[in-house]
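Single-structure report; data block below.
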Amino acid sequence: MELRIPFICRCVFLFVVVFAQVVNAFYLPGSYMHTYSNKDLIYAKVNSLTSIETELPYNYYSLPYCQPDGGIKKSAENLGELLMGDQIDNSPYRFQMNVNETLYLCTTPLLNEHEVKLLKQRARDLYQVNMILDNLPVMRFTNQNGVTIQWTGFPVGYTPSDGSEDYIINHLKFTVLVHEYEGSGVEIVGTGEEGLGVISESDNKKASGYEIVGFQVVPCSIKYDLEVMTKHKRYDTLSPISCPAELDEYQVIREKERISFTYEVEFVKSDIRWPSRWDAYLKMEGSRVHWFSILNSLMVISFLAGIVFVIFLRTVRRDLTRYEELDKETQAQMNEELSGWKLVVGDVFREPDCSKLLCVMVGDGIQILGMAGVTIVFAALGFMSPASRGMLLTGMIVLYLILGIAAGYVSVRVWRTIKGTTEGWRSISWLAACFYPGIAFIILTVLNFILWSSNSTGAIPISLYFELFFLWFCISVPLTLIGGFMGTKAQPIEYPVRTNQIPREIPARKYPSWLLVLGAGTLPFGTLFIELFFILSSIWLGRFYYVFGFLLVVLLLLIVVCAEVSVVLTYMHLCVEDWRWWWKAFFASGSVALYVFLYSINYLVFDLRSLSGPVSATLYLGYSLLMAIAIMLSTGTIGFLMSFYFVHYLFSSVKID
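Residue numbers (the UniProt record's numbering): 1 to 657.
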């Protein structure tokens, strides 16, 4: 699905640039524009091999492919790319701008048993080769049942339905779409390698030439005459090659076999301009269904939440009005005769069980919620383009580290409110700094051992472990302690009523109250599950997700629904004289995480049917569990803080002697 940066964002950004220097400028999404002249050499790069069947990325050169002259050189990668398992290397695939040619690349030595086993396994697991030219991933098109489907990457090999033999892709027919830039030169002003950019008139001869606006491939398997091919040298020109239609003419993967690799390239002029070159990648199948499903979900949930909120307001207002219109003598009589929330006035602010854990979870929830909110806002404004690999994840980690100050502040503030003292604030701050990162560290370490045992590039290197630990210990922990100290200096929240020394007995109920709490998570889940499907598809099926505008609306609606659901359930518990509302308010909205995790399992069973092996399933469930815990902390925090405000306001509105 295509999503362009809002007009307001463009105006603001251009306003800043115009004030920096007076130029005529226009918006340019994606990476810096690079123009090429005729016969300029351009080298493609290769990323990790990926598969939707195993979700285990592997190094491109773990297979017996042709290696570049001068050896393999890794490209600089950011933190997000490393965590996602990207490993971008140089490749021997060389193009000359606007030169159509067919070239010989290399012939491998005799394949040994290990190489044959690897090639067969990668071909049968549907591994894709991910090639990049001028920061554009290679794209291929297939026709299934009369429908054209686009994919990024091309397969390692081909296995027929009978499974008798496996064939390797050894000839690539590239099509490079170029747009001729005939205007004045450009001066680039941007936010990074892949971010916002502005081009301005500065030098009429500075950057004329051709821009690469598309990169497509048709993969083939061809059995060559080795006696002829071995006489060639790298980049020797060959006659045009046609892809064979019969399996007998395919290159079989077999021990003691030598494989020749060739490729051809055709440059095609295109009307696609630089700002629109990513549109082809951002288009999703069923975009109209996606659009109307999201709108329908938003309307239904908004309608239901509005009804609940109106009913709730009328009920509480009626109770308060009736109570305050009575004189003191009648109020005292009502306190003796009537049941409901008015009878728990001496217990409603009694300290909950495991109060320290509650404070820590609320603080971490604020940190995660702030990280998610700021990230989605920046992404919706276009600062995190999908062309910028790893930027989204890197931004999330940086924001999480910085927002440690919010976690410490809120944790200590809630602790001080419950205890009435600042004693123990240091331990609260330390726990807030370690709680969710500790859970993430345990889960990721277990998953990392699994990836290490599989020799996958998705495994986090030991050096990166130390870097992450250094960032956490030197940035997040100090900021959390600073936030905790600020919480001790903030004005305390005073309870409007006194707490009795002896707890009031809670009347017996016909059904467990936690059943209602768990059921309350269905309403917030209703706002989330459609977007959750597209997010999971983006993560596990290799699709681009760039509808952050929708996601921002869903996040705002989710916050409203979580707050309303939690407040309504808190009011219901107080009405039946159950004053233990603290944890129930947290899990009333936080229980949406249970449904998210169950939906993830449903997605694994019914939508990721191709996912094979216990290793892949374990990785999927591990990452899903980490996501569900983060959702529980953030949504639970919303519900708890709103319920606390509601209870405080409710009992502040009642005249108590």
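Beta carbons are placed, not taken as given, at the ideal position from N, Cα and C, and that holds for glycine. Bear in mind the structure is a predicted one, so any value in this text is a computation, not a measurement.
Look at Gln-67 here: in three-state DSSP terms it is coil, with no helix or strand label. Apart from sequence neighbours up to five positions away, the residues of its chain that approach Leu-392 with a beta-carbon distance below 6 angstroms are Met-384, ordered along the chain. In the three-state reduction of the DSSP assignment, Thr-417 falls in the helix class, which pools H, G and I. Residue pairing by DSSP places Leu-103 opposite Thr-237 and Tyr-263 in a beta bridge. In this structure, the beta-carbon distance from Ala-593 to Ile-631 falls below 9 angstroms.
For Gln-501, the secondary structure class from DSSP, reduced to helix, strand or coil, is coil. For Lys-584, no beta strand (DSSP E) run applies; the uninterrupted alpha helix (DSSP H) run containing it begins and ends at 582-590, by DSSP. In the three-state DSSP reduction, Met-131 falls in the strand class (E or B). With a cutoff of 9 angstroms on beta-carbon distance, Thr-159 and Asp-166 are scored as near each other. In the pairwise beta carbon analysis, the stretch 252-269 is classified as touching the stretch 84-98: at least three pairs are separated by under 8 angstroms. Taking a 10 Å sphere around the C-beta of Thr-237, we find fewer than 16 other C-beta atoms and assign the residue as exposed. The C-beta distance from Gly-157 to Asn-130 rounds to 15 angstroms, too long to fall under 8 angstroms, and the pair is not in contact. CA-CA distance, Tyr-224 to Lys-39, rounds to 29 angstroms.
Residue pairing by DSSP places Pro-219 opposite Leu-172 in a beta bridge. Checking the DSSP bridge columns, you'll see Lys-74 partnered with Asp-89. Using a Cβ-Cβ distance cut-off of 8 angstroms, the stretch 76-90 and the stretch 37-51 are in contact, since at least three pairs of beta carbons, one from each stretch, lie closer than that value. Going by DSSP, Ile-42 is part of the beta strand (DSSP E) stretching over 41-46. About 7 angstroms separates the beta carbons of Leu-633 and Tyr-436, which is inside the 8 angstroms limit, making them a contact pair. With a beta-carbon spacing of about 6 angstroms, Thr-35 and Glu-211 fall inside the 8 angstroms limit used to define contacts.
A straight line joining the alpha-carbon of Thr-570 with that of Leu-611 spans about 42 angstroms. Per DSSP, Gln-150 is one residue of the beta strand (DSSP E) stretching across 147-152. When only Cα atoms are considered, Leu-399 and Ala-280 end up about 30 angstroms apart. Of the residues assessed, Thr-637 falls on the buried side of the cut-off, its CB having 16 or more other CB atoms within 10 angstroms. In this structure Asp-134 is buried. Its beta-carbon is surrounded by 16 or more other beta-carbon atoms within 10 angstroms. Just so you know, the alpha carbons of Pro-352 and Pro-524 end up roughly 25 angstroms apart. DSSP places Glu-577 in the coil class of the three-state scheme, outside both helix and strand. Contact between Leu-56 and Ser-454 is confirmed by a C-beta separation of about 5 angstroms, below the 8 angstroms threshold. A distance of 9 angstroms or more separates the beta carbons of Phe-141 and Leu-177. Around the CB of Cys-359, 16 or more other CB atoms lie within 10 Å, so the residue is classed as buried. Of the other Cβ atoms in all chains shown, 16 or more fall within 10 Å of the Cβ of Gly-526; this residue is therefore buried. In this structure, the CA atom of Glu-101 is about 24 angstroms from the CA atom of Arg-277.
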